[in-house]
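**Q** Let me begin by handing over the structure; questions about it come next.
2 protein chains.
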Amino acid sequence: MFRDEDRSIEPMAVSAEAGVWASPGAGVLGVERRLAQRMLRYLHNPPIRVVMWNGESIAPPGNPDNPDAPPVARVVLRDRAAFYRLLSNPDREFGELYSAGRLVIEGDLLACIEAVYRSMTAGGSFRDHVPGRLHRVGANTLGRSRAHIHRHYDIGNDFYRLWLDEAMVYTCAYFAEPDMTLGAAQQAKMEHVCRKLRLRPGQSVIEAGCGWGALAIHMAQHHGVHVRAFNISHEQLVFARARAHDLGLDDRVEFIEDDYRNIAGRCDAFVSVGMLEHVGPSDYQTLGRVVDGCLSETGLALIHSIGRNRPMRMNPWIASCIFPGGYTPALSEMTQIFEPAGFSVLDVENLRLHYALTLRNWLDRYEQSADRVRWMFDDRFVRMWRLYLAGSLAAFTTGWMQLFQVVFTRWSNNEIPMTRADLYRPTPRP
Amino acid sequence: MFRDEDRSIEPMAVSAEAGVWASPGAGVLGVERRLAQRMLRYLHNPPIRVVMWNGESIAPPGNPDNPDAPPVARVVLRDRAAFYRLLSNPDREFGELYSAGRLVIEGDLLACIEAVYRSMTAGGSFRDHVPGRLHRVGANTLGRSRAHIHRHYDIGNDFYRLWLDEAMVYTCAYFAEPDMTLGAAQQAKMEHVCRKLRLRPGQSVIEAGCGWGALAIHMAQHHGVHVRAFNISHEQLVFARARAHDLGLDDRVEFIEDDYRNIAGRCDAFVSVGMLEHVGPSDYQTLGRVVDGCLSETGLALIHSIGRNRPMRMNPWIASCIFPGGYTPALSEMTQIFEPAGFSVLDVENLRLHYALTLRNWLDRYEQSADRVRWMFDDRFVRMWRLYLAGSLAAFTTGWMQLFQVVFTRWSNNEIPMTRADLYRPTPRP
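Top to bottom, those sequences are chains A and B. Numbers 0 to 429, taken from numbering that gives the first Met the number 0, label the letters of the first sequence in order. Numbers 0 to 429, taken from numbering that gives the first Met the number 0, label the letters of the second sequence in order.
Structure (structure tokens):
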């Protein structure tokens, strides 16, 4: 589906950057062949081929059930130095080299990444991630958070508008019905969240990390609540305020440019959709205390976040180029928000396959706008974001990433819904 | 509601057991008065009174909002030695002394325990339970498990029949509709579990810890699956086998007297309702490996267990007299079943208030049969089980205990339900 634009790899196409490591047409040494095979073994021999800078193709041991099965894709290393950089730190350098065009995927990029994830699952690679040891990431200070958020979200609203839905929702949608459009599924997600919070007109809601304001606006418009929504991305808030103003919601939605750690005041419901990924585990207890400080005695709270099946470190390329300061927690780590602060978890729903569908939509739309993205930025940026979107999609289709929605409340709150049947009652959509 | 049969406490009623500590009519010393007040302070001054052996009543500092509010109940210590035993280890001795009739509740037993739990919540007592430090309990070896299970479940089917529903379900019911009877709510619980497992006719199911067999029989009878159900309580299995035989289900339900650790073979669904409380945290990873060893590639699994809002030690009286070897985990602890074994959590539902309703029913029925229980056992037994049932009910109404139903599957399984709407579709009840 999503192929590199340049599929005609010439064996001698060695970049000048390769420096002393390569000369045009240089042959592959026996040791390099063995290193490439070892790299494939490390990935538990996925059905892909590594193509060296001189055109030589290196295959993993064949599938014993089907030895003639064609490879899903070919990973072409365009110069010898790229090969050594990849070997030195594959998790990080794959993204770097791909973005730079020195590593090219011949065939389907998505299928290639999925094949690697699947073979790693089958080989038990997830067991390499030792719970409680690898999730130490640097704390996000107030200043660092601001810098990180600025870097990702202030790229420009025009860029996100190219491939997000109309309401500019940049989190997992909810495909309540299989044939929903992305826009409808984002509306359904917001409605699902509102239902889980059992919002009633006149209530006050605090939202931590409001993106472009779609959920805050939805809650005010369709559930008659008063929302105070916090965000530290200036560009997003400018957009959100303008949209709320246009809809005549100035008196019901307040967008506040401040960090979640500075939230004060009381609310009947607390909601945070897609912010936890930027919080970092060392601040989960802080977030729990923030909710404890503002939630009413019978209030419900909801946190929606990308998660993992077990504690795992972030991909270092994503952590450095896409989401600096980001971390996606396992459920065991998320409990640190709830348990120390004295909350009771009422409901956890894993929407993994919904994020796969969401990303499928985003990636399709992104590819349709690739020329425009190239015009706005450059080739490198186009490839970087393609890899980020396709890689994320592959992680959701193969189970390497999850999406958890957690509803929680105070320990002593007995005004909780007895069942979840009300979430699924058909009612006229707003 | 549930009052002690003997409410006429005479000040001089000092038992012979009190020994050297007391002589009839002995006065209360100043230091004893202060100790009683300190005990009330430790409980964050609940609205109860302590009545000493000579009739002297000691109150916590009054409610500043309502200084004349009557106490919810009076805790009467019938001899001086009982007072000192209670002081020495209140969590354990309260149950011992109550069972022995040396500590009597004047007023509503349930309201009394609820009042204590509520004041402890308000005072933040739950923070005394330090995560990761207090949940070390002795491992349950195969032999020890058998002894523990024998002690609780082999008391006699006739005893449980007095106050359980007709199908003999001794786990949290599901009151899908508010006016359901206990029996209907137990059927609804079993159906809710079957729906969560998305059972289809012809599938094979393994059940770990099957009690008197109600769920295994329900699955075979109403969902056309083949069930292998494990249990180490001999009395329960005799009952379960007879019932399955009477219903003509011998070819579809197999009851196996063996430990969950010895489960072998494959299944399309794995279910365990109310067994985890007997497993103990040191075997959670073992349980995860057992499920990993038997669940098919696309199978769903469900574990239903009493839980906590944070890791907390068991009440020592419950752990010694009622559920030896028992432990009720926080969600953070339960994740040790799923995460190391490579499972993905799909759905967590907290049914706390359903357990409160279930226990309300059990306690009502138990009280109606109290004379019969006394005839089968003795006064001490009647009081012991009254306290266990009322104390558990109070723990569920005040949030000190939870009921978690967790659905999980393999990391790589994409044949998972997209939404939970199917759980709530009205269909003709079997």
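Think of the CB as a built atom: it goes at the ideal place given N, C-alpha and C, for glycine as much as any other residue.
Going along chain B, which residues have a C-beta under 9 Å from I415/A?
**A** Here residue 415/A is taken as the residue at index 416 of the first sequence, counted from 1. Near I415/A (Cβ distances below 9 Å), the residues of chain B are N349, R351 and L352.
**Q** May I have a chain-ordered list of the beta strand (DSSP E) segments no shorter than 3 residues that lie completely inside the segment 223-274 of chain A?
**A** 225-230, 252-256 and 266-272
**Q** Please confirm whether N156/A and E296/A have their CB atoms less than 9 Å apart.
**A** Along the first sequence, read from residue 1 onward, the residue named residue 156/A stands at position 157. Along the first sequence, read from residue 1 onward, the residue named residue 296/A stands at position 297. Not in contact: N156/A and E296/A (Cβ atoms no closer than 9 Å).
**Q** Quick check on DSSP: helix, strand or coil for S368/B?
**A** Mapped onto the second sequence, residue 368/B falls at position 369. Residue state, collapsed to three classes: coil.
**Q** State yes or no: is the C-beta of Q401/A within less than 9 Å of the C-beta of N308/A?
**A** Sequence index remark: in the first sequence, residue 401/A carries index 402 (1-based). Sequence index remark: in the first sequence, residue 308/A carries index 309 (1-based). Yes; because the gap between Cβ atoms is below 9 Å, this pair is in contact.
**Q** Report yes or no: is there a C-beta of chain A within less than 9 Å of the C-beta of V344/B?
**A** In the second sequence, residue 344/B corresponds to position 345, counting from 1. Yes, V344/B counts as interfacial toward chain A.
**Q** Would you mind listing the beta strand (DSSP E) stretches within the segment 307-359 of chain A that are 3+ residues and don't spill past its ends, in chain order?
**A** Complete beta strand (DSSP E) runs here, min 3: 342-349.
**Q** Determine the contact status of W316/A and E92/A, defining contact as a CB-CB distance below 9 Å.
**A** Numbered from 1 along the first sequence, position 317 holds the residue referred to as residue 316/A. Numbered from 1 along the first sequence, position 93 holds the residue referred to as residue 92/A. Cβ distance < 9 Å, so W316/A and E92/A count as in contact.
**Q** Which of the three DSSP states is assigned to R409/B in this structure?
**A** The count along the second sequence starts at 1 and reaches residue 409/B at position 410. R409/B falls in the strand class under three-state DSSP.
**Q** Does the beta-carbon of N88/B have 16 or more other beta-carbons within 10 angstroms, so that it is buried, or is it exposed?
**A** Taking the second sequence and counting its residues from 1, one reaches residue 88/B at position 89. Of the other Cβ atoms in all chains shown, fewer than 16 fall within 10 Å of the Cβ of N88/B; this residue is therefore exposed.
**Q** Give the single residue among L42/A, I57/A and G29/A whose Cα lies nearest to the Cα of E113/A.
**A** Walking along the first sequence from the start, residue 113/A turns up at place 114. Comparing Cα positions, the closest option is L42/A.
**Q** In the DSSP assignment, what are the bridge partners of G106/B?
**A** Position 107 of the second sequence, counted from the first residue, corresponds to residue 106/B. Answer by DSSP bridge pairing, in chain order: A72/B.
**Q** Is there a Cβ from chain A that is less than 9 Å from the Cβ of T327/B?
**A** Indexing the second sequence from 1 puts residue 327/B at position 328. Cβ-Cβ to chain A under 9 Å: no for T327/B.
**Q** Below 7 Å on C-beta distance, what does G398/A contact in chain E?
**A** Absent here is chain E; the protein component of the structure consists of chains A and B.
**Q** Output needed for D421/A: all residues of its chain with C-beta closer than 6 Å, excluding positions within five of it in sequence on either side, in chain order.
**A** As a position in the first sequence, residue 421/A is number 422, starting the count at 1. Result list for D421/A: empty, nothing under 6 Å.
**Q** When the cut-off is 9 Å and only beta carbons count, does S331/B lie next to chain A?
**A** The residue you call residue 331/B lines up with position 332 of the second sequence. With 9 Å as the cut-off, S331/B counts as an interface residue toward chain A.
**Q** According to DSSP, is Q202/A part of a helix, a strand, or is it coil?
**A** Position 203 of the first sequence, counting from 1, holds the residue named residue 202/A. Assigned with DSSP and collapsed to three states, Q202/A falls in coil, not helix or strand.
**Q** Quick one: grab the DSSP three-state call for E414/A.
**A** For this step, residue 414/A is matched to residue 415 along the first sequence. Coil, per DSSP.
**Q** Closer than 9 Å, CB to CB, is T418/B near chain A or not?
**A** Numbered from 1 along the second sequence, position 419 holds the residue referred to as residue 418/B. Yes - at least one Cβ of chain A is within 9 Å of the one on T418/B.
**Q** Anyone know if the C-beta pair for V289/A and V204/A falls short of 9 Å?
**A** Residue mapping note: residue 289/A aligns to position 290 of the first sequence, counting from 1. Residue mapping note: residue 204/A aligns to position 205 of the first sequence, counting from 1. In this structure, V204/A does not lie closer than 9 Å to V289/A by Cβ.
**Q** Is the beta carbon of G273/B closer than 9 Å to that of G208/B?
**A** What you label residue 208/B is simply residue 209 of the second sequence in a count that begins at 1. What you label residue 273/B is simply residue 274 of the second sequence in a count that begins at 1. Yes, the pair counts as a contact, with Cβ atoms nearer than the cut-off.
**Q** For Q284/B, which option in G264/B, G26/B and P339/B has the closest C-alpha, if you only look at C-alpha atoms?
**A** As a working mapping, residue 284/B is identified with position 285 in the second sequence. The shortest Cα separation from Q284/B among G264/B, G26/B and P339/B belongs to P339/B.
**Q** Closest to R143/B by CA distance: which of R419/B, L386/B and H277/B is it?
**A** Translated into positions along the second sequence, residue 143/B becomes position 144. Cα-wise, what sits closest to R143/B is H277/B.
**Q** Residues of chain A with a CB under 8 Å from the CB of F395/B: which are they?
**A** Reading the second sequence from its first residue, position 396 is the one you call residue 395/B. The premise fails here: F395/B is roughly 10 Å from chain A at the closest Cβ pair, so nothing lies under 8 Å.
**Q** Checking 9 Å against the spacing of the C-beta atoms, do F82/B and L161/B come in under that value?
**A** Looking up residue 82/B in the second sequence gives position 83. Looking up residue 161/B in the second sequence gives position 162. No; because the gap between Cβ atoms is not below 9 Å, this pair is not in contact.
**Q** Do we get a CB-CB distance below 9 Å when we pair Q36/B with the residues of chain A?
**A** As a position in the second sequence, residue 36/B is number 37, starting the count at 1. Not an interface residue.
**Q** Where do the N-terminal and C-terminal ends of the beta strand (DSSP E) with V50/A fall, by residue?
**A** Taking the first sequence and counting its residues from 1, one reaches residue 50/A at position 51. I47 to V50 is the extent of the beta strand (DSSP E) around V50/A.
**Q** Assuming F82/B is part of the alpha helix (DSSP H), what are its boundary residues?
**A** On the second sequence, position 83 is the one that residue 82/B refers to. Segment R79 to S87, the alpha helix (DSSP H) holding F82/B.
**Q** Would you report the Cα separation of W410/B and E348/B, rounded to the nearest angstrom?
**A** In the second sequence, residue 410/B corresponds to position 411, counting from 1. In the second sequence, residue 348/B corresponds to position 349, counting from 1. When rounded, the distance between both Cα atoms is 20 Å.
**Q** Which residues share a DSSP beta bridge with A207/A?
**A** Taking the first sequence and counting its residues from 1, one reaches residue 207/A at position 208. F229/A, per the DSSP bridge assignment.
**Q** Which residues does DSSP pair with L299/A in a beta bridge?
**A** Taking the first residue of the first sequence as position 1, residue 299/A is located at position 300. L299/A is bridged to A268/A and T408/A.
**Q** State the CB to CB distance for the pair I231/B and D257/B, rounded to an integer number of angstroms; the pair is presumed to be in contact (CB under 8 Å).
**A** Along the second sequence, one-based indexing puts residue 231/B at 232. Along the second sequence, one-based indexing puts residue 257/B at 258. About 7 Å separates the two Cβ atoms, so the contact holds.
**Q** Using a Cβ-Cβ cut-off of 9 Å, state whether L248/A counts as contacting chain B.
**A** Mapped onto the first sequence, residue 248/A falls at position 249. Among the residues facing chain B, L248/A is not included, as its CB has no counterpart in that chain under 9 Å away.
**Q** Can you tell me whether DSSP reads L388/A as helix, strand or coil?
**A** Looking up residue 388/A in the first sequence gives position 389. It is helical.
**Q** Could you pull out every residue in the same chain whose Cβ sits closer than 7 Å to the Cβ of P416/B, ignoring the five residues on either side in sequence?
**A** By 1-based counting over the second sequence, the position of residue 416/B is 417. The beta carbon of P416/B is closer than 7 Å to those of R197 in its chain, skipping five residues each way along the sequence.
**Q** Shorter than 9 Å from the beta carbon of C269/B to some beta carbon of chain A?
**A** For this step, residue 269/B is matched to residue 270 along the second sequence. One detail in the question is off: residue 269/B reads as Phe in this sequence, not Cys. With 9 Å as the cut-off, F269/B does not count as an interface residue toward chain A.
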